[in-house]
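Student: So the protein lines, in turn, are chains X and D.
Okay, so the first sequence: first residue is 7 according to the working numbering, each after it adds one.
Okay, so the second sequence: first residue is 7 according to the working numbering, each after it adds one.
Cβ atoms here follow ideal geometry from the backbone N, Cα and C, with glycine treated the same way.
On a predicted model such as this, the values are computed, not experimentally measured, just so you know.
Protein chains: 2
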Amino acid sequence: MASIPAEFKGVTAVTKANVYFDGKVVSHSILFPDGSKKTLGLIYPGKFHFATDKAERMEIVAGSCSVKLDASTSSPRSR
Amino acid sequence: MASIPAEFKGVTAVTKANVYFDGKVVSHSILFPDGSKKTLGLIYPGKFHFATDKAERMEIVAGSCSVKLDASTSSPRSR
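1) State the start and end residues of the unbroken beta strand (DSSP E) segment that holds D/S35.
2) Using a Cβ-Cβ distance under 8 angstroms, would D/P11 count as near chain X?
3) Going by DSSP in three states, D/F56 sits in which element: helix, strand or coil?
4) With a cut-off of 8 angstroms, does the C-beta of D/I36 fall near any C-beta of chain X?
5) Going by C-alpha to C-alpha distance, which of X/V73, X/D40, X/A23, X/F38 sits closest to X/F56?
6) Could you name the residues that DSSP lists as bridge partners for D/G47?
7) Taking the C-alpha atoms as reference points, what is the distance between X/R85 and X/M64?
8) Indicate whether the contact test is met: 3 or more Cβ pairs, each with one atom in the segment 15-31 of chain D and one in the segment 21-32 of chain X, closer than 8 angstroms.
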């Protein structure tokens with residue numbers, strides 16, 4: 007796994023949180039000068055299915071989880 | 007209550023979350039060019055006593071709570 011930056015410089019931080027799954031998945035959006043967006047957040051213990059409209063990359067800063075991609079026939083992989 | 011900015015521009019966002027009270031109070035730090043710091047986070051339902059080493063201002067972006075200041079003899083005030 008590529009190393010995760012400790013911080014992102016020169017961004018715009020959105021104050022209001024994004025809250026999903028009854029608060030078990032939460033994040034704050036940060037906007038980059040090039041128009042791209044990331045979110046910084048937390049996933050609480052549980053099992054969640056994330057649907058996305060477009061390709062999305064999730065990186066783990068701390069902690070661990072098991073991941074299973076839709077349409078994958080293999081067992082969940084630990085990250 | 008003063009209005010809360012929707013966003014903070016030109017900041018550095020720290021990727022790793024600050025986690026307190028078993029995850030019931032969480033935040034991400036954002037650093038300002040003048041060296042000051044804020045955090046953006048969430049407080050889950052519960053009752054928490056926040057101790058601080060120095061003066062700290064908490065602003066509510068969404069939701070509501072009751073607040074009682076240490077050494078205050080008055081009843082908790084809704085915010």
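Tutor: Well, looking at it:
1) 31-37
2) Interface criterion met: the Cβ of D/P11 is under 8 angstroms from a Cβ in chain X.
3) coil
4) yes
5) X/V73
6) D/S33
7) The straight-line gap from Cα to Cα measures roughly 11 angstroms.
8) no
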